[in-house]
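Residues -22 to -1, 1 to 271, numbered by mature numbering (1 follows the signal peptide of the UniProt record, and there is no 0), are exactly what the sequence shown covers, in order. In what follows, a structure is listed as structure tokens, so that the remarks can point back to it.
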Amino acid sequence: MKLLSSLALAMGLFALTGIASAQQQQQPQSQQKPPPKPAPGAKPAPQAAAKPGPKSPFTPPAFKITIATEGAFPPFNYLDRKGMPAGFEMELAQEACQRIKAECEFVALKWDELIPGLIDKKFDIIMSSMEVTRERRQRMGLSRRYYLSPGAFIAAKGAPFDGPPSLLRNKRIGIQKDSMHADWADKSFRRSAQLRRYASVQEALAALANDEVDAVFGDKAQLWLWSQKPEGKCCELVGQDIKDTQTLGVGVAAGLRKEDVKLREALNKAFGEMMTDGTYKKLNDKYFPFALN
């Protein structure tokens, strides 16, 4: 009997030990001790810095601007085969944009929409063979002149007028009525020549081709462009360039809003640099056989 009692007591103690061990193993993690906190003032372990991406070889643009033109006065401004503005003025604008570190966009609009659109902030610059006038100076800011097409005469090839305007005294001279070129002819010839007035330069040139006048006076670039067409092969530029700022104006400039002073200064600086370093002359020679400034 004592042997059985001792055996039962030993088995009971073994069972109690197993239960206690199992309870210790099943304790929830929340009752376990948290990891030790870092000492005060200790710096976190440094992490490896991310490698920088490849550097772009291009200088990022400083700002964006939109340049508007009519796109209807080749070769100064016109639309190319893709319908994008192109020509002498657009190439000047592209070069200026690079120099002032601007990203430029070009748009073509009707002539009557250019100045109102600029004032309404639909775009930032007008480059569209816009003559400088007192009225335009009052409405907007204008850049420095970037081209001047002087007054000139065109006559039949071989005509004896390749000299001073005095050679055309008593001759028939065609002019566009109500134009600055008509004003100059009135002032210069008065009664010493027969001035014949036409509704447009094209009508005056047609009269020259038909031998109805001896010469036509007008914008040199416009007259030269006509002489390059089949209907103008009869004729050539003659005589001296006429530069009279009081009557024929001071030339063509870019239009900007008056408040955009810094943009105008940057554009003026770019135009000046182009004229000094020969860039302007290269573009001029690409389009015309004579200087425009």
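Every residue gets a Cβ at the ideal spot worked out from N, C-alpha and C, and that includes glycine. Fair warning: this is a prediction, and the values are worked out from it, not measured in the lab.
Please state whether the Cβ-Cβ distance between residue i and residue j is less than 8 Å.
i	j	result
residue 120	residue 46	no
residue 109	residue 230	yes
residue 124	residue 249	yes
residue 219	residue 198	yes
residue 209	residue 135	no
residue 140	residue 61	no
residue 102	residue 241	yes
Which value, in whole angstroms, describes the spacing of the CA atoms of residue i and residue j?
i	j	result
residue 188	residue 181	11 Å
residue 177	residue 98	33 Å
residue 49	residue 86	6 Å
residue 107	residue 51	8 Å
residue 211	residue 185	14 Å
residue 144	residue 70	37 Å
residue 67	residue 266	13 Å
residue 206	residue 259	21 Å
residue 56	residue 264	16 Å
residue 147	residue 114	36 Å
residue 132	residue 179	12 Å
residue 37	residue 94	Caution applies to residue 37, whose pLDDT of 47 falls short of 50 and renders its modelled position unreliable; the value that the coordinates give is listed next. One C-alpha to the other measures close to 33 Å.
residue 232	residue 122	8 Å
residue 251	residue 169	45 Å
residue 159	residue 127	12 Å
residue 72	residue 183	34 Å
residue 112	residue 118	10 Å
Output needed for residue i: all residues of its chain with C-beta closer than 6 Å, excluding positions within five of it in sequence on either side, in chain order.
i	result
residue 149	171 and 192
residue 244	78
Comparing C-alpha positions only, which one of the options sits nearest to residue i?
i	options	result
residue 116	259, 234, 196 and 140	234
residue 236	226, 190 and 104	104
residue 227	161, 61 and 135	161
residue 42	207, 76, 69 and 57	76
residue 130	260, 53, 202 and 102	202
residue 54	200, 259, 206 and 256	200
residue 74	157, 246 and 132	246
residue 157	175, 168 and 95	175
residue 83	100, 251 and 94	100
For residue i, which residues in the same chain have their Cβ closer than 7 Å to its Cβ, ignoring the five residues on either side in sequence?
i	result
residue 163	151, 153, 173 and 195
residue 254	none
residue 261	66, 69 and 70
Starting from the C-beta of residue i, find all residues in its chain whose C-beta is less than 8 Å away, skip the five residues before and the five after it, and write them out in chain order.
i	result
residue 58	64
residue 256	none
residue 142	217 and 218
Would you grab the beta carbon distance between residue i and residue j for me? Rounded to a whole angstrom, and I think it's under 8 Å.
i	j	result
residue 225	residue 165	6 Å
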